[in-house]
Amino acid sequence: MVRRTMGWMVVGSVVAWMAPGCGSSSNDTSAGSGGSMSSAVGGQDGTGGDLFTSASGGSGTGSGSGPEICDGIDNDGNGIIDDVDVGGDGVCDCLRIATLGVAGTWGNGDVFAMWLDDRSDAGAVSLNDAVITPALIADYQIIVAQDLSKMGRSYDASEVQALADWVHQGGGFMTLIGYADSSELVNVNTLLDAFGMAYEATPILPKNGANTVPVTGWATHPISNGVSLIGVDNGYPVTGSGVVVANEQGYDLLLAQEVGVGHVAMWGDEWITYDSEWNDHPEYQLELFWLNMLKWLTPMEDCQVPIPPPQ
1 MVRRTMGWMV VGSVVAWMAP GCGSSSNDTS AGSGGSMSSA VGGQDGTGGD
51 LFTSASGGSG TGSGSGPEIC DGIDNDGNGI IDDVDVGGDG VCDCLRIATL
101 GVAGTWGNGD VFAMWLDDRS DAGAVSLNDA VITPALIADY QIIVAQDLSK
151 MGRSYDASEV QALADWVHQG GGFMTLIGYA DSSELVNVNT LLDAFGMAYE
201 ATPILPKNGA NTVPVTGWAT HPISNGVSLI GVDNGYPVTG SGVVVANEQG
251 YDLLLAQEVG VGHVAMWGDE WITYDSEWND HPEYQLELFW LNMLKWLTPM
301 EDCQVPIPPP Q
């Protein structure tokens, strides 16, 4: 029986999460009884959501022959934990994603957030400006940093270390950029410095009229599989440790690195979250890009589901 082994699963005190729609069903997987339940909430002015529930005393054993559910156990014995995708859309129903900072304002809406909400039972939980601690982020598999320029503070060394430890233990960290002026680089580069990565200070690739600049140079990588065009506008070049996955006009736009058993990806823009890119540019492979990205960021033996062929 395979069980999740990241730092948030510990013997005798199991941090568990049940996604809506992935409730228990009749099968031959048995679990020990849980103790008292508690929840933690983060974020600013109600923007943070329910982060985790801690169930003390659960033993969580099973035969490995039952249907898979979102319970942190490999119920069907295929070597992958919580690989549930009832709709077959390529996003694991049990995936737990958090965001840092706030969403951008340059586009008309955040289609990516709506897309994720439709496909993952939990969507993404906003941590906004909450202080990063091991307990705060322990229950998430992926964290995406958005606009960190509006926090009114800087990340300190303990927060940087908490995030770095989480990645080393199997977490997937992705950063976006281009929301504001160069002052936004301070916080995101503070977090990225632990991985030897950074955004450069000069904006690049402004729009041509009303259209974003297509990124056409893609190296072979799981994130770029099937991707040939993604638009950017006034982004920042990526630099540092890792593999360059995307380049346009001599500027590196996507850097990916394996850190411990975790992953870090830097994208040099933020327009991949806006409705104009999703709705007005059918030539861009945005959905496939995000499916590839989420799959690569997720731990190898946790919540891995097949990506369907493009429609």
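If you count by the numbering used here, then the sequence shown holds residues 1 to 311, one letter each, in order. Cβ coordinates follow ideal geometry from the N, Cα and C atoms, glycine included.
How many Å lie between residue i and residue j at the Cα?
i	j	result
M300	N292	13 Å
P237	V125	28 Å
M174	P306	21 Å
P134	Y199	25 Å
A16	I137	Confidence is the limiting factor: at A16 the pLDDT is only 32, short of 50, which leaves the residue's position unreliable, though a coordinate-based value still follows. Distance between the alpha carbons of A16 and I137: 13 Å.
V160	F195	10 Å
A210	Q146	23 Å
A180	W271	12 Å
M197	S65	43 Å
V186	T105	19 Å
D387	G72	Nothing about residue 387 can be read from this structure; the chain reaches only from 1 to 311.
T220	L255	12 Å
G240	T273	24 Å
G152	S182	15 Å
Q169	A157	18 Å
P310	N78	26 Å
V244	Q257	9 Å
D275	D165	34 Å
E248	D121	35 Å
Rank the options by C-alpha distance to the C-alpha of residue i and give the top, closest one.
i	options	result
A103	Y155, D269, V227	D269
V259	G242, I272, G250, A246	G242
A98	E184, A256, L163, E283	L163
E184	T212, E283, V131, L100	L100
I223	F289, S65, L127, L253	F289
N225	D129, P308, D121	P308
So, at 6 Å on beta carbons, what are the nonlocal neighbours of residue i in its own chain, with the 5 sequence-adjacent residues on each side left out?
i	result
I80	E301, Q304
G171	G262
Y140	R96, A98
I142	I97, G172, L297
N279	none
Leaving out the 5 sequence neighbours to the left and right, which residues in its chain are closer than 8 Å to residue i when beta-carbon positions are compared?
i	result
G123	I97, A113, L116, D117
N234	G178, P203, I204, L205, P206, K207, D269
A201	S182, L185, Y236
D193	V160
Less than 8 Å between the C-beta atoms of residue i and residue j, yes or no?
i	j	result
A265	V215	no
D74	P67	no
V86	I69	no
L253	W267	yes
V188	L127	no
V91	L294	yes
E277	L229	no
Apart from the five residues on each side of it in sequence, which residues of its chain come closer than 7 Å, Cβ to Cβ, to residue i?
i	result
V131	E159
L191	A145, Y155, V160, L163
H281	G231
Y251	I204, L205, P237
Thinking residue i and residue j are a contact (beta carbons under 8 Å), I'd like their distance in whole angstroms, please.
i	j	result
R119	D89	5 Å
W218	V227	6 Å
L176	V213	The pair is not a contact, with the Cβ atoms about 16 Å apart (cut-off 8 Å).
Between residue i and chain C, is any beta-carbon pair separated by less than 8 Å?
i	result
A194	The question asks about chain C, but that chain is absent: this structure has only one protein chain.
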